[in-house]
Amino acid sequence: MKESFFRTMGWLHTWVGLLTIWLLITVFFAGTLSFFKEEITHWSQPNALKNVPHSILLSQEAQIEHGIEVLKQKAPNASSWYITPATDRKPYFEVAYRDVPQQGTSTPFTSHYYSANDANKEIEFIETKGGSFFYRLHFDLHYMSPITARWIVCFASLFMLIALISGIIIHKRIFKDLFTFRNGKGLRTWLDSHNLSSVIALPFHLMITYTGLITLIFMLFPYPALTQFDGNMKAFFEAQNPTRVSTKSAGNIAPIAPPQVWLDQVYTNWPNVRIARVIVDHPFDQHATVKVYANTQNTVQDERPTLLLDAHNGQIIARGNESLSTSETFYDSMTALHTGRLANLPLRWLYFLGGMLGLAMLVTGALMWSLRIKAKHKKPHFGVQLVDTLNLTMIMGLPLATAGFFYANRLLSAQIAQRANVEIAIFFTILGLSLLVSAIRRDKQQWAYFAKLNVFAWAALPICSAIAIKYPTYTAFIEGNTLAWAFDLAFLSVALAFGFVAAKLHRKHSAAFSPQPKVIQR
């Protein structure tokens with residue numbers, strides 16, 4: 012009975028993992044990069060990258076006041092104004108607006124960016140998604156409905172959680188395997204690698220998978236809220252946060268108060284607060300309102316405390332997310348833990364390391380399944396060929412496509428229409444070509460070719476970037492621009508890792524085809 016139970020758990024662990032493993036590799040890969048979303052976005056804007064980030068000299072009040080003055084001149088008739096102050100990770104502040112939409116249509120944001128050191132210095136931005144592409148990719152996928160994508164990711168996450176739990180059950184020597192690694196032992200080495208990457212970061216794997224499901228709980232289980240609010244989910248969310256209630260324009264012109272009037276009210280209620288964003292709805296209208304969002308910084312809270320104020324006199328209309336119920340605190344804490352926005356730099360690197368170990372766990376699991384089946388069946392069948400094709404595509408093609416995305420950011424002209432979409436199209440084109448090439452051939456030599464291609468792509472990326480934006484690494488280092496030279500160092504580190512893999516694959520390929528010495532009979 013006991014052996015039958017463990018055999019069933021082993022079967023469950025294998026198949027629930029294998030059925031979604033390549034989607035999970037994409038989700039983990041994009042999600043891991045998302046922990047540095049702001050930094051990737053900053054690197055993707057050459058003019059902002061060359062604007063060496065010193066300590067922020069302008070106060071948040073000065074940034075907001077300057078933003079209001081800019082918007083009064085550039086967009087007096089807009090439906091909404093947005094001001095996002097600079098942060099330690101983003102040394103520029105954003106001033107944006109949205110025009111009044113025509114009936115049945117929506118209008119995009121128009122944004123302007125200014126240096127946090129000098130409000131008069133506008134920074135010219137290019138059209139790119141930057142780190143937001145990887146952030147959205149890990150739960151919205153791409154080229155499909157976001158709702159459909161989230162359902163797919165939900166089921167993949169559920170399968171991941173089942174695989175983790177069943178893996179713990181069948182892991183009879185979980186602590187011993189933490190200190191076991193046998194190199195050069197073929198399938199046993201892959202098993203040790205899988206066990207090691209699983210056990211070292213097991214708390215992280217469980218946390219990130221479970222909290223990922225919690226973030227979409229209202230999509231998975233909307234019925235209590237739908238029952239309580241007669242099927243109106245919008246009313247449910249407005250009840251949780253009164254500042255979500257949107258006001259309509261009155262159509263009567265009325266001047267708004269100077270920013271200092273409502274900022275005084277904000278700082279009276281929130282002393283020493285860091286403001287994350289300011290939104291002015293219907294400026295110069297009788298119903299004009301101001302929403303001020305607090306930066307939660309390193310607290311375990313994802314939903315930002317919000318004040319809704321009258322734009323004419325600064326009086327508070329509503330407050331939100333300041334005191335949460337027990338259930339709200341649990342949900343919000345789980346969301347905060349998943350997104351990692353609460354993390355300072357060392358903790359963000361720990362998140363990144365956990366994500367990389369999750370990738371290693373998935374990759375070694377996929378490779379191990381293929382090797383086990385090949386050991387049992389001398390003749391390869393369609394299932395093994397399909398797995399080998401997808402393994403080569405996702406393990407080697409995904410990093411190559413990411414390098415292509417970064418090359419596109421540097422080499423595409425700023426005047427190209429839909430430039431951000433072209434960058435993304437290049438990413439998926441390279442991934443699609445990798446799939447095609449992998450379907451044709453997927454032996455060890457092909458793995459070596461892909462590894463060498465990755466070495467070249469990632470090693471040449473700092474050179475390409477320096478030439479394209481005329482900002483070499485040594486200049487960034489001398490000027491103290493840590494972000495710029497750190498990215499170049501990261502690219503070279505990826506190239507070095509693939510170089511190690513290419514060398515190992517080359518040695519194995521050479522050994523497999525080297526002539527065997529003849530034995531002379533005496």
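Take my numbering: the last position of the sequence shown gets the number 533, and nothing is skipped along the way. Think of the CB as a built atom: it goes at the ideal place given N, C-alpha and C, for glycine as much as any other residue.
message = The alpha helix (DSSP H) that contains Phe248, what's its start and end?
response = Met244 to Gln251
Note to self: For the alpha helix (DSSP H) containing Arg383, name the first residue and the last one.
What the structure shows: According to the DSSP assignment, Arg383 belongs to the alpha helix (DSSP H) that extends over Leu356 to Lys387.
With DSSP collapsed to three states, give me the class of Gly331. strand
Beta strand (DSSP E) runs wholly inside the segment 292-353, at least 3 long, in chain order: 300-305, 317-321 and 327-331
**Request:** Decide if Gln56 is buried, meaning its Cβ has at least 16 other Cβ atoms within 10 Å, or exposed.
**Result:** buried
Q. Buried or exposed: which applies to Gly197, given that a residue is buried once 16 or more other Cβ atoms fall within 10 Å of its Cβ?
A. exposed
query: Where does Gly415 land, buried or exposed, given buried means 16+ other C-beta within 10 angstroms?
result: buried
Can you tell me the Cα-Cα spacing of Val289 and Glu80, whole angstroms?
-> Those two C-alpha atoms are separated by around 14 Å.
Original post:
Hey, how far is the Cα of Ile158 from the Cα of Val164?
Top reply: 10 Å
Bridge partners of Val289, per DSSP? Ile94 and Val303
TODO: Flag this pair as yes or no: are the beta carbons of Arg199 and Arg193 separated by less than 7 Å?
DONE: yes
Exercise. Exposed or buried, what is Phe145 when buried is set at 16 or more other beta-carbons lying within 10 Å of its beta-carbon?
Worked result: buried
| task | State the beta-bridge partners of Ala107 as determined by DSSP. | result | Looking at the DSSP output, Ala107 bridges to Tyr93 and Ser122.
Give a yes or no on contact between the segment 243-256 and the segment 322-339, applying the rule of three or more CB pairs nearer than 8 Å.
yes
- Query: Looking only at DSSP bridge pairs, what is Glu133 linked to?
  - Reply: Answer by DSSP bridge pairing, in chain order: Tyr125.
Considering only the alpha carbon of each residue, which of Ile225, Trp54 and Ser15 lies closest to Leu348? If you compare the alpha carbons of Ile225, Trp54 and Ser15 with that of Leu348, the shortest gap goes to Ile225.
* To do: Give me the Cβ distance between Phe215 and Gly365, rounded to the nearest whole Å; I'm assuming they're in contact under 8 Å.
  => Yes, Phe215 and Gly365 are in contact; Cβ-Cβ is about 4 Å, under 8 Å.
Requested in this report: Enumerate in chain order the residues of its own chain whose CB-to-CB distance from Glu76 is below 6 Å, with the five nearest sequence positions on each side excluded.
Outcome: Counting only Cβ-Cβ distances below 6 Å, and skipping sequence neighbours, we find Pro270.
Considering only the alpha carbon of each residue, which of Asn309, His323 and Glu133 lies closest to Leu353? Asn309
Check: Thinking C-beta only, is Asn263 closer than 7 Å to Gln297?
Finding: Yes, the pair counts as a contact, with Cβ atoms nearer than the cut-off.
inquiry  = Below 8 Å on the Cβ atoms is my contact criterion, and I expect Leu23 with Ile173 to pass it. Report the Cβ-Cβ distance as a whole number of Å.
reply    = 7 Å
| said: Does Phe467 come out as helix, strand or coil in the three-state DSSP assignment? | reply: Residue state, collapsed to three classes: helix.
Decide if the segment 28-44 is in contact with the segment 232-240; the criterion is three or more beta carbon pairs, one per stretch, under 8 Å apart.
no
| Going by other Cβ atoms of all chains shown within 10 Å of its Cβ, with 16 needed for buried, is Met345 buried or exposed? | buried
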